[in-house]
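Written below as structure tokens is the structure these notes are about.
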Amino acid sequence: MKSIERLPYCVGLTGGIGSGKTTAANLFRHLGVPVYIADDEAKKLIDTDPNIRENILLHFGSESYTSQGLNRPFMAREVFSNPEKLKVLNSLTHPAVKEHFKNWITAQKALFVIKEAAILFEAGTYNDCDFVISIVAPENIRIERVQKRSDLSVEEIKSRIARQWADKQRIQLSDYVVLNDGKHSLIKQILHIYEDIIRRTNPGSRPIYH
Numbered sequence: 001m002k003s004i005e006r007l008p009y010c011v012g013l014t015g016g017i018g019s020g021k022t023t024a025a026n027l028f029r030h031l032g033v034p035v036y037i038a039d040d041e042a043k044k045l046i047d048t049d050p051n052i053r054e055n056i057l058l059h060f061g062s063e064s065y066t067s068q069g070l071n072r073p074f075m076a077r078e079v080f081s082n083p084e085k086l087k088v089l090n091s092l093t094h095p096a097v098k099e100h101f102k103n104w105i106t107a108q109k110a111l112f113v114i115k116e117a118a119i120l121f122e123a124g125t126y127n128d129c130d131f132v133i134s135i136v137a138p139e140n141i142r143i144e145r146v147q148k149r150s151d152l153s154v155e156e157i158k159s160r161i162a163r164q165w166a167d168k169q170r171i172q173l174s175d176y177v178v179l180n181d182g183k184h185s186l187i188k189q190i191l192h193i194y195e196d197i198i199r200r201t202n203p204g205s206r207p208i209y210h
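Following the UniProt record's numbering, the numbering of the sequence shown begins with 1 at its first residue and continues without gaps.
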């Protein structure tokens, strides 16, 4: 007789650069929720997947890789100044990340998991999530946060913000919205969402997979 298993619910977690989505993801991790950081896994796959490497070399040339892996400074200059090239890079990596996540979530035993992805909406992968959480923050605060952790100029940060969805767009398609402005408690907001998802994800209502 086949065993019956229930896949965990997938909760997408997203937000613009500097919004604090990774901090929010870590809070869920502290609550015992398995967390998948899509950008981190994409970076690993870009360095280790021979098919991705071959296609990136084909589209971006020999400078795209060094002996240590992806030439990230070169690729950043290429894609962040050219939206079309960014689309090409995403098209080369997203299918592999999607397959990797599928295998990962199948191995999880939790009631739900968090999938943290910067471009969850832009890539359309929010459609694969049962719930979506958006982390939002004022632009000036986001810029300050990014400046503290990187060498990007204000102009470069604003350019990256402009290429992502606006917070008002994310809010319209989100089940939960977290205001991470330093004034409202991030921990309290995340805990409230955690408790609500637990309440809503009654195991008896989850489709079963054979």
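C-beta: ideal position from N, C-alpha, C; glycine also.
Measure the C-alpha to C-alpha separation of D167 and H192 and round it to an integer number of angstroms.
Using only the alpha carbons, I get a separation of about 21 Å.
Verify whether the separation of the beta carbon atoms of V79 and L45 is less than 9 Å.
no
Using a 10 Å radius around the Cβ and a threshold of 16 neighbouring Cβ atoms, would you call G12 buried or exposed?
So G12 counts as buried.
Going by beta-carbon coordinates alone, are G182 and I141 separated by less than 9 Å?
yes
Among F101, F121, K85 and Q108, which one has its Cα closest to the Cα of Q172?
Among F101, F121, K85 and Q108, the Cα nearest to that of Q172 belongs to F121.
DSSP three-state label for I114, please.
strand
Starting from I197, trace the alpha helix (DSSP H) both ways and give me its first and last residue.
L186 to R200
Distance check for G20 and P138, CA to CA, integer angstroms please.
11 Å
Could you please give the first and the last residue of the uninterrupted beta strand (DSSP E) stretch that includes I37?
V35 to I37
Give the DSSP-derived three-state secondary structure of F74 in the structure shown.
helix
Span of the alpha helix (DSSP H) holding F60?
P50 to F60
Around the C-beta of G61, are 16 or more other C-beta atoms found within 10 angstroms, so that it is buried, or is it exposed?
Classification of G61: exposed, given that the 10 Å Cβ count is below 16.
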